[in-house]
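Worksheet for the structure shown next.
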Amino acid sequence: MANKVISKTACLLALALLLSVASLLPTHAQTQTKEELARIEQELAAQKAAAQSLEKKEKATEEEIEALRDKLIAASENLQDKGNQQEDLETRLVALEKETVLRDTALKESRKRLALLTRLLIQFSRQPAEVFVLREQSPDDHIHRTIVLRSMLPRLREETSTLAKELDNYAQLQNQTESQKRLVTAAQQNLQWQRHNLDEMIKTRQGRLQKTAAEKEALARQLDSLTNEAKDLRQLMEKVSHSSWNRTIGKSTPARKGGAKSPIKMPVAGKIIRNFGDKDDFGIVSDGLTLSAPAGSPVIAPQAGRVMFAGVFRGYGKAIILQHDGGRHSFMSGFSRIDADVGQNVTGGEPLGILPTKGEGKAELYFEWRQGSQPVNPI
């Protein structure tokens, strides 16, 4: 934009100089000067029109990006909700399947008991009356046998009734399980569509903010140098917060909404499995939160900020550092894919990437919030 202003100024100076000299020139020379003036005026008009067109395009792009951001935030929130709903549906399905196995075992035991009682009754019923008359048994034995037979009948009725109820319950449970499977399948398809929709919008956003190949290559070299120099996270945070790094990563993308007064959002919709200040498996006190979320969940910006680092860092895997207003920074690691570029401004709630999907690893995110160089609890 500065070069355009200098070019316009130069043209205007040239025009003024030609006008001042024109009166001193002969008629033929004045004709040539008028032609030169007309050419310069045409060039000025063309440059002005080009500048206005470029300004309109830039404004339209900014408006498009802003509208896209709002859609991305809404889509990310919806996808997080859908992911949690999917997890709940799958948990319910697992519980139903376990209950089905238990009911099936109980049903088999009831059938065995009923079969045993039925077999005993059949054996008694098949013996003719003469057998009991001819056998040398006391009347007490006959009475005892009769009592036993009569006592078995209520038990048989009870077992039959129990089995009938268990069969009915088992059938209902199977229907519930099949219905739950259909819900899970439908939810999975919807979730896949939502993810595809979000991915397409992210591609559109990144396309509007696209850096040139040369800019990307230069920035990649700078990032490699930065990660090699930083021995730990503290050093990395110090380096990216330095003003020289802001100059290195160049002009930022269109301004973001929100600031220091905006509430801090959780980067993923999940459960906190390790709190700030808790010790990890190695006995080291955690400077942040570790969150577990559904596989493939989107990771969002906790607050409006600028992407200062996006890449792989030692021991943390794929990570992002955001710079926020008021000298604050956030650090997030555990990404399967990063969808933001260094130097990009983001709004709170805007997607930055995704967690590992099923089969890729644990869907866990480490989230750290710093005031200056000091880690603080984000909640």
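Numbering-wise, our numbering puts 175 at position 1 of the sequence shown, and it's gapless, one number per residue.
Don't be surprised by glycine CBs; every beta carbon is placed ideally from N, CA and C.
- For S436, there is no enclosing beta strand (DSSP E), since its DSSP letter is neither H nor E.
- The beta carbon of T334 sits closer than 8 Å to the beta carbons of L288 from its chain, once the five residues preceding and following it are set aside; these are given in chain order.
- The alpha-carbon of L347 is positioned some 12 Å away from that of R266.
- Non-local beta-carbon contacts of N258 in its own chain, meaning distances under 7 Å to residues more than five positions away in sequence, involve A443 and P468 in chain order.
- Around the beta carbon of W543, 16 or more other beta carbons lie within 10 angstroms, which makes this residue buried.
- Of the residues assessed, G535 falls on the exposed side of the cut-off, its CB having fewer than 16 other CB atoms within 10 angstroms.
- Restricting attention to G501, P552 and I446, the CA atom closest to the CA of A537 is found in I446.
- By the neighbour-count definition (other C-beta atoms within 10 Å, threshold 16), H370 is an exposed residue.
- The beta carbon of R331 sits closer than 8 Å to none of the beta carbons in its chain outside the five residues before and after it.
- Under DSSP, T464 shares a beta bridge with R448 and Y540.
- Per DSSP, the continuous alpha helix (DSSP H) segment holding R421 begins and ends at S417 to I423.
- Excluding the 5 residues flanking it on each side, S436 has same chain C-beta neighbours closer than 6 Å at Q477 and G522, in chain order.
- When secondary structure is reduced to three states using DSSP, G381 falls in the helix class.
- Looking at the backbone, the Cα of N343 and that of V268 are separated by about 18 Å.
- Taking the Cβ atoms as the reference, M375 lies roughly 14 Å from L526, outside the contact range of under 8 Å.
- Beta-bridge partners of S507 (DSSP): A493 and Y540.
- Between G501 and K413, the alpha-carbon positions lie close to 13 Å from each other.
- Under the three-state reduction of DSSP, I512 is assigned to strand.
- Taking the CA atoms as reference points, A493 sits about 58 Å from L211.
- Relative to the Cα of L383, the nearest Cα in the group Q545, P530 and V516 belongs to V516.
- If you draw a straight line from the Cα of E264 to the Cα of D278, it comes to about 21 Å.
- Cβ neighbours of S466 within its own chain (closer than 7 Å, five residues either side excluded): G444, K445, I447, A537 and E538.
- DSSP, read as helix, strand or coil, puts Q548 in strand.
- DSSP places G257 within a helical segment (H, G or I) once states are collapsed to three.
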